[in-house]
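In the working numbering, the protein residues as written are 2 to 228.
Note that CB positions come from ideal geometry on N, CA and C, so glycine has one too.
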Amino acid sequence: MSKGKLARLWDGAPAGLRGSGLGDAVFHALRQGLREGLFQPGERLREEEIAEAFSVSRTPVRDALRRLLERRLLEVSGGRGLMVRRLDRGEVFELYQMREILEGTAARLAAENATPAEVALMRDLHGAFEQAREPADHARINKQFHDAISGAVRNRYFHGPLEGLQDALALLGPTTFSVAGRAHPAVAEHRLILDAIAAHDPDAAEAAARDHIRRALATRLKMLSQG
Numbered sequence: 002m003s004k005g006k007l008a009r010l011w012d013g014a015p016a017g018l019r020g021s022g023l024g025d026a027v028f029h030a031l032r033q034g035l036r037e038g039l040f041q042p043g044e045r046l047r048e049e050e051i052a053e054a055f056s057v058s059r060t061p062v063r064d065a066l067r068r069l070l071e072r073r074l075l076e077v078s079g080g081r082g083l084m085v086r087r088l089d090r091g092e093v094f095e096l097y098q099m100r101e102i103l104e105g106t107a108a109r110l111a112a113e114n115a116t117p118a119e120v121a122l123m124r125d126l127h128g129a130f131e132q133a134r135e136p137a138d139h140a141r142i143n144k145q146f147h148d149a150i151s152g153a154v155r156n157r158y159f160h161g162p163l164e165g166l167q168d169a170l171a172l173l174g175p176t177t178f179s180v181a182g183r184a185h186p187a188v189a190e191h192r193l194i195l196d197a198i199a200a201h202d203p204d205a206a207e208a209a210a211r212d213h214i215r216r217a218l219a220t221r222l223k224m225l226s227q228g
């Protein structure tokens with residue numbers, strides 16, 4: 002990654018976070034970069050480059066990279082330092098299996114608990130997704146849509162597992178919306194989830210969300226088979 006992109010990533014970190022301790026700040030900035038797709042699977046993260054771009058010493062960078070390694074977001078690359086992990090086919094399947102469970106549960110709980118304002122936000126995001134034309138925009142709005150659903154679950158124990166899942170999703174590489182023809186059916190899939198949540202129908206909401214994730218997995222596996 003270029004030093005310019007690294008510097009912009011650091012500049013974009015909340016000021017309050019940077020004041021909470023450099024190790025934490027570097028960790029959260031790098032994790033956000035992973036989630037935003039700024040680092041690709043197999044890409045090396047060089048301690049010295051990050052320290053220079055963030056204008057910090059190598060000690061907090063080393064601590065942040067260690068934490069990312071412990072979370073299995075990075076891996077040691079045969080004497081070449083650390084790089085972003087590549088998930089094998091089995092790991093991808095397991096990740097989507099857990100995603101189906103969590104996203105299905107989120108939709109169920111949202112159908113039970115969502116306020117009119119939260120449903121309105123989901124409708125706005127659904128409309129924005131339908132109007133989007135670029136894969137990157139579809140991916141960004143798709144995440145916002147699912148985040149809006151998760152924000153309506155009203156369960157304090159839900160978000161910990163979801164956070165770990167979101168970290169792992171960052172290791173998948175290019176969005177499934179880069180595959181021609183994936184975005185259009187996703188609009189209909191989102192509509193089914195949204196309508197069920199708005200109707201406060203937990204069974205239908207969970208079923209629609211699970212089906213949505215299974216279809217996303219099918220696209221992801223197709224991408225993997227094509228190399």
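Contacting residues, own chain, Cβ-Cβ under 8 Å from residue i (five flanking each side not counted)
i       : result
Gln-1   : Lying outside 2 to 228, the shown extent of the chain, residue 1 is not represented and no answer is given.
Leu-163 : Leu-103, Ala-107 and Ser-151
Ile-198 : Ala-108, Ala-111, Ala-112, Ala-115, Val-120, Met-123, Ile-150, Ala-153 and Ala-206
Glu-95  : none
Val-180 : Thr-220, Lys-223 and Met-224
Own chain residues within Cβ distance below 7 Å of residue i, not counting five before or after
i       : result
Val-188 : Phe-130 and Glu-131
Glu-48  : Arg-59, Val-62, Arg-63 and Leu-66
Gly-155 : The question names Gly, but residue 155 is Arg in the sequence shown. Contacts found: Leu-110 and Asn-114.
Arg-19  : Its pLDDT being 48, under 50, Arg-19 is placed unreliably in this model, and the value from its coordinates should be taken loosely. Ala-26.
Arg-81  : Arg-45
Ala-169 : Leu-96
Gly-17  : Residue confidence for Gly-17 is low, a pLDDT of 49 falling below 50, so the modelled location carries little weight and cannot support an answer.
Gly-1   : No statement about residue 1 is possible, as the shown extent of the chain runs from 2 to 228 and does not include it.
Gly-5   : none
Pairwise C-alpha distance: residue j and residue i
i       : j       : result
Trp-11  : Pro-61  : 13 Å
Leu-31  : Ala-65  : 8 Å
Leu-23  : Glu-44  : 23 Å
Ser-78  : Leu-69  : 14 Å
His-191 : Asn-143 : 9 Å
Met-99  : Gln-227 : 24 Å
Asp-138 : Glu-71  : 31 Å
Pro-186 : Arg-9   : 35 Å
Thr-220 : Glu-101 : 14 Å
Leu-39  : Gly-128 : 26 Å
Gly-34  : His-160 : 20 Å
Val-93  : Gly-182 : 21 Å
Pro-195 : Tyr-158 : Sequence check: residue 195 is Leu here, not Pro. Distance between the alpha carbons of Leu-195 and Tyr-158 is about 23 Å.
Contact with chain B by residue i, beta-carbon distance below 9 Å
i      : result
Glu-95 : No chain B is part of this structure, which consists of one protein chain only.
Whole-number beta carbon distance between residue j and residue i, since they are thought to touch under 8 Å
i       : j       : result
Leu-46  : Leu-88  : About 17 Å; that fails the 8 Å criterion.
Ala-171 : Arg-36  : 5 Å
Pro-203 : Thr-176 : Not a contact, Cβ separation roughly 29 Å.
Phe-146 : Leu-126 : 4 Å
Proximity below 9 Å, CB of residue i to CB of residue j
i       : j       : result
Leu-193 : Ala-209 : yes
Ala-217 : Ala-133 : no
Leu-83  : Glu-50  : no
Arg-90  : Leu-225 : yes
Close-in-space but distant-in-sequence residues of the same chain around residue i (CB under 6 Å, 5 per side omitted)
i       : result
Ala-140 : Thr-176 and Phe-178
His-201 : Ala-112
Touch test, the segment 50–68 against the segment 25–34, Cβ-Cβ under 8 Å, three pairs minimum: Taking 8 Å as the limit for Cβ pairs, the verdict is that the segment 25–34 does touch the segment 50–68.
Does the segment 207–215 come close enough to the segment 115–135 to have 3 or more Cβ pairs within less than 8 Å? A contact is defined here as three or more CB-CB pairs under 8 Å, and the segment 207–215 fails this definition with respect to the segment 115–135.
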